[in-house]
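Under the numbering used here, the first residue of the sequence shown is numbered 10, with each subsequent residue one higher. Beta carbons: idealized from backbone N, C-alpha and C, even for Gly. Reviewing the structure listed below.
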Amino acid sequence: MKESIFELLIKTAKLALETEDIPVAAIVINQDNKITGVGFNTRNKEQNIACHAEINAINQAIKNSGVINLSGYKIISTLEPCEMCYGAIKQAKIKEINFILSNAKYGINNIYSINDIDIKIVKIGNIQQQNNYQELLETFFKNKR
């Protein structure tokens with residue numbers, strides 16, 4: 010993954026910390042490799058269970074592009090999407106999901122059989138990027154306890 014995309018994701022994820030949301034960020038990239046949507050968790054801030062990073066990024070991409078069918082787009086997230094976000098990704102017809110860190114508790118790879126998934130799901134990011142992001146999450150949860 011390009012370092013600039015990684016840096017944007019981490020910078021965006023940190024915005025969630027201001028409202029004690031879990032620091033997760035996502036970006037949506039169109040077929041021309043341009044970022045059309047950026048989102049981070051705002052669940053606590055908005056008091057809305059659906060305000061996950063991926064859904065916020067998809068909503069912004071739809072607003073910015075003027076279309077609801079994002080079939081030529083891909084989404085990149087700091088954390089493997091949950092079942093709810095996977096549903097939103099499917100509804101938007103995004104065919105590729107990239108993520109930095111696996112989500113052992115809620116990640117879609119732990120919920121669905123490989124036969125249920127008809128889109129490409131790719132774990133990205135090098136070990137250093139994964140470790141940097143994992144440290145951000147661990148610090149968040151340590152501070153919550």
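From the options, residue whose alpha carbon lies closest to that of residue i
| i | options | result |
| --- | --- | --- |
| residue 74 | 45, 115, 50 | 45 |
| residue 86 | 152, 38, 29, 56 | 38 |
| residue 97 | 131, 61, 148 | 61 |
| residue 63 | 80, 22, 113 | 22 |
Any non-hydrogen atom of the ligand NAD closer than 7 Å to residue i Cβ
| i | result |
| --- | --- |
| residue 138 | Questions concerning the ligand NAD fall outside what the structure shown contains, since it holds no ligand whatsoever. |
Bounding residues of the alpha helix (DSSP H) (the contiguous stretch that carries residue i)
| i | result |
| --- | --- |
| residue 53 | 52-55 |
| residue 97 | 92-100 |
| residue 66 | 62-74 |
For residue i, the residue or residues it bridges with in DSSP
| i | result |
| --- | --- |
| residue 130 | 106 |
Collapsed DSSP secondary structure at residue i in the structure displayed
| i | result |
| --- | --- |
| residue 113 | coil |
| residue 38 | strand |
| residue 31 | coil |
Unbroken beta strand (DSSP E) run spanning residue i, endpoints
| i | result |
| --- | --- |
| residue 88 | 83-88 |
Cβ neighbour criterion (16 or more within 10 Å) applied to residue i
| i | result |
| --- | --- |
| residue 89 | buried |
| residue 92 | exposed |
| residue 15 | buried |
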